[in-house]
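Asks:
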Amino acid sequence: MKRWNYYLFCVMTMSAMLMCAYWGSRAVTVISETLPFERVHCVVIDPGHGGEDGGASSCTGRMESEYNLAISRRLDDLLHLLGYQTRMTRKSDVSIYTTGDTIARKKISDLKERVRIVNETSNALLVSIHQNQFSDSRYSGAQVFYANTPGSQELGRQLQTQLVSALNPGSNRKSKPISGVYLMENINCTGVLIECGFLSNPREEARLRDSDYQKRLCCVIAAVISQHISNT
Numbered sequence: 396m397k398r399w400n401y402y403l404f405c406v407m408t409m410s411a412m413l414m415c416a417y418w419g420s421r422a423v424t425v426i427s428e429t430l431p432f433e434r435v436h437c438v439v440i441d442p443g444h445g446g447e448d449g450g451a452s453s454c455t456g457r458m459e460s461e462y463n464l465a466i467s468r469r470l471d472d473l474l475h476l477l478g479y480q481t482r483m484t485r486k487s488d489v490s491i492y493t494t495g496d497t498i499a500r501k502k503i504s505d506l507k508e509r510v511r512i513v514n515e516t517s518n519a520l521l522v523s524i525h526q527n528q529f530s531d532s533r534y535s536g537a538q539v540f541y542a543n544t545p546g547s548q549e550l551g552r553q554l555q556t557q558l559v560s561a562l563n564p565g566s567n568r569k570s571k572p573i574s575g576v577y578l579m580e581n582i583n584c585t586g587v588l589i590e591c592g593f594l595s596n597p598r599e600e601a602r603l604r605d606s607d608y609q610k611r612l613c614c615v616i617a618a619v620i621s622q623h624i625s626n627t
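For what it's worth, my numbering labels the leading residue of the sequence shown as 396, then goes sequentially.
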């Protein structure tokens, strides 16, 4: 039954996107008023890195922060369309530090600011968007890491299952608890970090740049988030 609910939501999601394209803001209102769940949660979307901190470099020379922001914007639009409250830690290619006179100190300030944004948001659920990179270009596939907070492991496992099923069939990647990541170790809500794919793999990097693939990726993430929230 849960699997059918997931596919039903995917259909609703795609229908919502088409309605928005044709009828604009009125479609957003109609959809948000008729969806069968209370939208009390605020999904905090964290596009990893930004500004001076570009993150990993892709096989085509693009910086990770560019991919993270593009995917996060699409996810933000989709969740907002579906009636959810959302909040992004950054909306442009910037670092959000408030203090610091060196790159290292700015990075520390940036991470603390992201934690502050998450922890001051009522009924928050964090989704941090990142990309993977490795010296061996053969590796590919999305992988989800989850925080040590209530609900995070369940959400992480649900996301991993659906990402493999919908986008990475045949992948043997598993969701894992995260360690050594300041943001994920200091939040007080359900939270996951999604490594959407490997920028070092030419085929996967091309997909991660593709707008249609980004939309499919965000549909999967939004569907799982909605199912998770409706079950809690």
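Think of the CB as a built atom: it goes at the ideal place given N, C-alpha and C, for glycine as much as any other residue.
1) Apply the 10 Å Cβ neighbour rule to LYS378 and answer buried if 16 or more other Cβ atoms are within range, or exposed otherwise.
2) Locate the alpha helix (DSSP H) running through ARG482, then write down its first and last residues.
3) Pick out whichever of VAL539, SER606, SER547 has its Cα sitting closest to the Cα of LEU588.
4) Out of ASN543, ALA537, SER504, which one is the CA nearest neighbour of LEU521?
5) For ASN337, name the three-state secondary structure that DSSP assigns.
6) Identify whether PRO545 lies in helix, strand or coil by the three-state DSSP scheme.
7) So who's on the other strand from ALA519, going by DSSP bridges?
8) Taking the beta carbon of GLU590 as the centre, do at least 16 other beta carbons fall within 10 Å, making it buried, or is it exposed?
9) With DSSP collapsed to three states, give me the class of LEU612.
10) Here's a check: name, in chain order, each residue in its chain whose Cβ is nearer than 7 Å to the Cβ of ALA617, leaving out the five neighbours to either side.
11) Which residues in the same chain have their Cβ closer than 6 Å to the Cβ of GLN548, if we skip the five residues on either side of it in sequence?
12) From this set, ARG552, GLY546, LYS569, TYR534, which residue's C-alpha is nearest ARG598's C-alpha?
13) Quick one: using the 10 Å Cβ neighbour count with 16 as the cut-off for buried, is ILE573 buried or exposed?
14) Select from SER523, GLU600, SER490 the residue whose C-alpha is nearest the C-alpha of ILE620.
15) Which whole runs of the beta strand (DSSP E) in the region 530-612 are 3 residues long or more, in chain order?
16) Hey, out of LEU594, VAL439, GLU600, whose CA is closest to SER517's CA?
17) Assuming HIS475 is part of the alpha helix (DSSP H), what are its boundary residues?
18) Measure the C-alpha to C-alpha separation of LEU594 and LEU562 and round it to an integer number of angstroms.
Replies: Straight from the coordinates:
1) Only positions 396 to 627 of the chain appear in the structure, and residue 378 is not among them; the question remains open.
2) Note, ARG482: premise wrong, no alpha helix (DSSP H); beta strand (DSSP E) at 480-483.
3) VAL539
4) ASN543
5) This structure cannot speak to residue 337, because the chain is shown only from 396 to 627.
6) coil
7) CYS437
8) buried
9) helix
10) THR408, LEU470, LEU473, LEU474, LEU477
11) TYR541
12) TYR534
13) buried
14) SER523
15) 538-541, 585-593
16) VAL439
17) 459-476
18) 16 Å
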